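Participant:
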DNA sequence: CATGATTGCTGACTTTAGTCAGGTATCGCC
DNA sequence: GGCGATACCTGACTAAAGTCAGCAATCATG
């Protein structure tokens, strides 16, 4: 732990959070409870299903129901059944609710502007750039990596996206059913997913074969978090796990069109090796020594 | 108002504030109410006067008193009379309270570190730099500028600091009583202070003389906010007010040792003019046309 | 030493937030 | 058409947060 850096983060949290955060709540503060305002805000102009609101705001079902009744009572919201499923209910803003939403929207704008207004144009640019940077990097640091069975919903989401992307990028197209996948579970292998806020944003797998190097497969990162180092983290984690499982070396194959991946492998210390399999889609083969990695 | 920039700020507030803010409160969450933890944290190892706590946390006097009783009951805090004023009371942490504070401090460290840990070293550097930048610029945007009578406490703080600094920087020293100051109040002149969070961090004055250009005096910015554009804002505001009062031109004199100030004047469009007064401390004289400034 | 201001404390309240245990309507499915 | 699961609602509760008015001690000042 690095004292100096931690102090900057703590100072940042303290000042920025207190100040911006206080303002950020205050833009919702009207003559009604904060929870009601937040809910109204979250329903939005397009309306929203009650279940979605519940997860987004992380509220107790009963509490949320009561809040909706209160907004209904104030004439700001109507809750009606959705088309398909009669159990699912959808909250929509009334005309008055819509007006209220627009008012909050305007106040939010004003608040944001109040932070920019006193600055010179150059300072505004710098502030905007720094805010984007902080946000991107905090997003990166919220990505967690852990194992997951390859049959899991998150894994399947990743694999579907991965295969779709290969199919789109390979000149020859690509055709493989993800259910053909041999079981990537211990002891034959393992499967990692990278998760951001419950959303799966990346994956990677290892396959072990007795007497041979461990093989890295299915390394993929969602476009939404590309450039945040998630691929490198996945790769590193796969290497560590391969080493922990007793492998001296890991190897992998890749298609020539996946240039970022190839660059990643090279910069992570992989060296090109001769063809070791008959994969018709592979153009390059790489390996790296991982023995002793912790 | 600039749509694109405002959107970045709003997005920043939303994501960063929600996430960092939520964490920031969570580090205080123990088995006691949040308000108590916050109070204990704010009292700190050095102790704090009750009135100071009240303003810092912005709490109702009665509520604060009750919170202190609760912490006292838990054996974490003692509240005793201060030395001088028998009405003023000072809260101090007991041994147990101190231990609790250290625990919170450690948790805050861990939380800060949890944002850095998943990142690469280069990313950490970039995040730290961006956080500092956001904080500095938000601080800059919190500085407000308004008129204030020169006899006011804030004005006198500024003038004292200003004169102290001149005395320190001029080769010949500087000697002037701030009470010698002719009244810088309308219609003869005016006095501006820049304020950050109730702290005076800069000042500037105008003096009007019939038939002559308005004169800028006492432009000063506290070291704590130097480099944030406060001087330039003060100068601009003085020019606008001079123009509003009917002046065509403003002028000023300055000592050769005040190099940043001279640079500021030049870059703000001032041009050097011949000596127009007999100020023994002045080496340079500047003027700028302000007619038509809004 | 009387007076008004300041500082903090106490009691009596209200509102908000949040939890938990049922209950009812609906759906998918055999 | 019966069954378990799903999606939401209602009633009954608790704890925390916050407000307000009045009170007691202390201070500065004439």
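Protein chains in written order, with the working numbering: chain A, 1239 to 1532; chain B, 1239 to 1532.
Beta carbons: idealized from backbone N, C-alpha and C, even for Gly.
Please read all numbers here as calculations on a predicted model, not as lab measurements.
1. Please give the ranges of any beta strand (DSSP E) in the stretch 1307-1393 of chain B, keeping only runs that are unbroken, at least 3 residues long and fully inside the region.
2. At 7 Å on the CB atoms, spell out the chain A contacts of residue 1247 (chain B), in chain order.
3. Against residue 1278 (chain B), what residues of chain A qualify as contacts under a CB-to-CB distance less than 9 Å, listed in chain order?
4. Around the C-beta of residue 1473 (chain B), are 16 or more other C-beta atoms found within 10 angstroms, so that it is buried, or is it exposed?
5. Considering only C-alpha positions, which residue in the set A:1367, A:1364, A:1440 is nearest to residue 1396 (chain A)?
6. Buried or exposed for residue 1341 (chain A), please, with buried defined as at least 16 other CB atoms from any protein chain shown within 10 angstroms of its CB.
7. How about the stretch 1502-1509 of chain A and the stretch 1460-1478 of chain A: do they share at least three Cβ pairs that are nearer than 8 Å?
8. Quick one: what does DSSP say residue 1491 (chain A) is sitting in, helix, strand or coil?
9. Would you say residue 1467 (chain B) lies against chain A (beta-carbon separation less than 8 Å)?
10. Quick test of your reading: residue 1294 (chain B) and residue 1280 (chain B), contact by CB under 8 Å. State the CB separation rounded to the nearest angstrom.
11. So, for residue 1380 (chain B): in the same chain, excluding its five sequence neighbours on each side, which residues have a beta-carbon less than 7 Å away from its beta-carbon?
12. Can you look up residue 1516 (chain A) in the DSSP assignment and give me helix, strand or coil?
13. Any beta carbon from chain A within less than 8 Å of residue 1243 (chain B)'s own beta carbon?
14. Let's see if you can read the secondary structure: which residues bound the beta strand (DSSP E) around residue 1524 (chain B)?
15. Nearest to residue 1511 (chain A) by CA position, among A:1407, A:1316, A:1489, is which residue?
16. Select from A:1482, A:1372, A:1393 the residue whose C-alpha is nearest the C-alpha of residue 1425 (chain A).
17. Counting only Cβ-Cβ distances shorter than 8 Å, please list the residues of the stretch 1370-1393 of chain B near chain A, keeping chain order.
18. Look at residue 1528 (chain B) and residue 1487 (chain B) and say whether their C-beta atoms are less than 8 Å apart.
19. Contact between the stretch 1327-1340 of chain B and the stretch 1296-1305 of chain B is defined here as three or more beta-carbon pairs at a separation below 8 Å; is this criterion met?
20. Can a CB atom of chain A be found closer than 8 Å to the CB of residue 1365 (chain B)?
21. Would DSSP call residue 1432 (chain A) helix, strand or coil?
22. Flag this pair as yes or no: are the beta carbons of residue 1261 (chain A) and residue 1378 (chain B) separated by less than 8 Å?
23. Quick one: which chain B residues come within Cβ less than 7 Å of residue 1254 (chain A)?
24. Here's the rule I'm using: 16 or more other beta-carbon atoms within 10 Å means buried, otherwise exposed. How should residue 1466 (chain A) be labelled?
25. At a CB-CB cut-off below 7 Å, which residues of chain A make contact with residue 1362 (chain B)?
26. Does the Cβ of residue 1283 (chain A) have 16 or more other Cβ atoms within 10 Å, making it buried, or fewer, making it exposed?
27. CB-CB under 7 Å to residue 1345 (chain B), same chain, minus the five flanking residues each way: which ones, in chain order?
28. Within 10 angstroms of its Cβ, does residue 1427 (chain A) collect 16 or more other Cβ (buried), or is it exposed?
29. If you follow the beta strand (DSSP E) that residue 1466 (chain B) is part of, which residue opens it and which one closes it?
30. If I measure Cβ to Cβ from residue 1386 (chain B) and keep anything under 8 Å in the same chain, skipping five residues before and after, which residues do I get?
31. Please decide whether residue 1208 (chain B) counts as near chain A, where near means a Cβ-Cβ distance under 8 Å.
Facilitator: Short version:
1. You should have 1315-1319, 1327-1331, 1382-1385.
2. Here residue 1247 (chain B) corresponds to residue number 9 of the second chain, with the count starting at 1. Chain A residues near residue 1247 (chain B): 1350, 1353, 1354, 1369.
3. Locating residue 1278 (chain B) in the second chain gives position 40, where the first residue counts as 1. Those do not exist, as residue 1278 (chain B) stays about 16 Å from chain A at its closest Cβ, beyond 9 Å.
4. The residue labelled residue 1473 (chain B) in the question sits at position 235 within the second chain. When all chains shown are included, residue 1473 (chain B) counts as buried.
5. Taking the first chain and counting its residues from 1, one reaches residue 1396 (chain A) at position 158. When each option's Cα is compared against that of residue 1396 (chain A), the closest is A:1440.
6. Residue 1341 (chain A) sits at position 103 when you count from the first residue of the first chain. Residue 1341 (chain A) is exposed by the Cβ-count criterion.
7. The stretch 1502-1509 of chain A vs the stretch 1460-1478 of chain A: in contact.
8. The sequence position of residue 1491 (chain A) within the first chain is 253, counting from 1. The answer is strand: DSSP assigns residue 1491 (chain A) an E or B state.
9. Position 229 of the second chain, counted from the first residue, corresponds to residue 1467 (chain B). The Cβ of residue 1467 (chain B) sits closer than 8 Å to at least one Cβ of chain A.
10. Locating residue 1294 (chain B) in the second chain gives position 56, counting from the first residue. Locating residue 1280 (chain B) in the second chain gives position 42, counting from the first residue. Confirmed, about 6 Å.
11. Within the second chain, residue 1380 (chain B) is the residue found at index 142, counting from 1. Only 1434, 1435 meet the Cβ criterion.
12. If you number the first chain from 1, residue 1516 (chain A) lands on position 278. In this structure, residue 1516 (chain A) counts as coil in the three-state DSSP scheme.
13. In the second chain, the residue the question calls residue 1243 (chain B) occupies position 5. Cβ-Cβ to chain A under 8 Å: yes for residue 1243 (chain B).
14. Taking the second chain and counting its residues from 1, the one referred to as residue 1524 (chain B) is at position 286. For residue 1524 (chain B), the enclosing beta strand (DSSP E) stretches over residues 1522-1527.
15. Indexing the first chain from 1 puts residue 1511 (chain A) at position 273. The closest CA to that of residue 1511 (chain A), considering only A:1407, A:1316, A:1489, is found on A:1489.
16. Start at 1 with the first residue of the first chain, and residue 1425 (chain A) comes out as number 187. Looking at A:1482, A:1372, A:1393, the one whose alpha-carbon comes closest to that of residue 1425 (chain A) is A:1482.
17. Per Cβ criterion, the list reads 1370, 1371, 1372, 1373, 1375, 1376, 1377, 1378, 1379, 1380, 1381, 1382.
18. Here residue 1528 (chain B) corresponds to residue number 290 of the second chain, with the count starting at 1. Here residue 1487 (chain B) corresponds to residue number 249 of the second chain, with the count starting at 1. One thing to note: residue 1528 (chain B) has its Cβ within 8 Å of the Cβ of residue 1487 (chain B).
19. No, they do not touch.
20. As a working mapping, residue 1365 (chain B) is identified with position 127 in the second chain. Yes, because at least one Cβ of chain A sits closer than 8 Å to the Cβ of residue 1365 (chain B).
21. Residue 1432 (chain A) sits at position 194 when you count from the first residue of the first chain. In this structure, residue 1432 (chain A) counts as strand in the three-state DSSP scheme.
22. To locate residue 1261 (chain A), count along the first chain from 1; it is residue 23. To locate residue 1378 (chain B), count along the second chain from 1; it is residue 140. Going by C-beta atoms, residue 1261 (chain A) is not nearer than 8 Å to residue 1378 (chain B).
23. Here residue 1254 (chain A) is taken as the residue at index 16 of the first chain, counted from 1. Neighbours of residue 1254 (chain A) on chain B, chain order: 1372, 1373, 1376.
24. For the purposes of this step, residue 1466 (chain A) is identified with residue 228 of the first chain, where counting begins at 1. It is buried - the Cβ of residue 1466 (chain A) has at least 16 other Cβ atoms within 10 Å.
25. Sequence index remark: in the second chain, residue 1362 (chain B) carries index 124 (1-based). Ordered by position in chain A, the residues that pass the 7 Å Cβ test against residue 1362 (chain B) are 1243.
26. Stepping through the first chain from its first residue, residue 1283 (chain A) is reached at position 45. Residue 1283 (chain A) counts as exposed, since fewer than 16 other beta carbons sit within 10 angstroms of its beta carbon.
27. In the second chain, residue 1345 (chain B) corresponds to position 107, counting from 1. For residue 1345 (chain B), where only same-chain residues beyond five positions count, the Cβ hits under 7 Å are 1265.
28. In the first chain, counting from the first residue as 1, residue 1427 (chain A) sits at position 189. A residue is called buried once 16 or more other Cβ atoms fall within 10 Å of its Cβ, and residue 1427 (chain A) is buried on that count.
29. Position 228 of the second chain holds residue 1466 (chain B). For residue 1466 (chain B), no beta strand (DSSP E) run applies, since DSSP gives it neither H nor E.
30. In the second chain, residue 1386 (chain B) corresponds to position 148, counting from 1. Closer than 8 Å at the Cβ level, and outside the excluded window around residue 1386 (chain B), lie 1392, 1393, 1429, 1430, 1431.
31. Lying outside 1239 to 1532, the shown extent of chain B, residue 1208 (chain B) is not represented and no answer is given.
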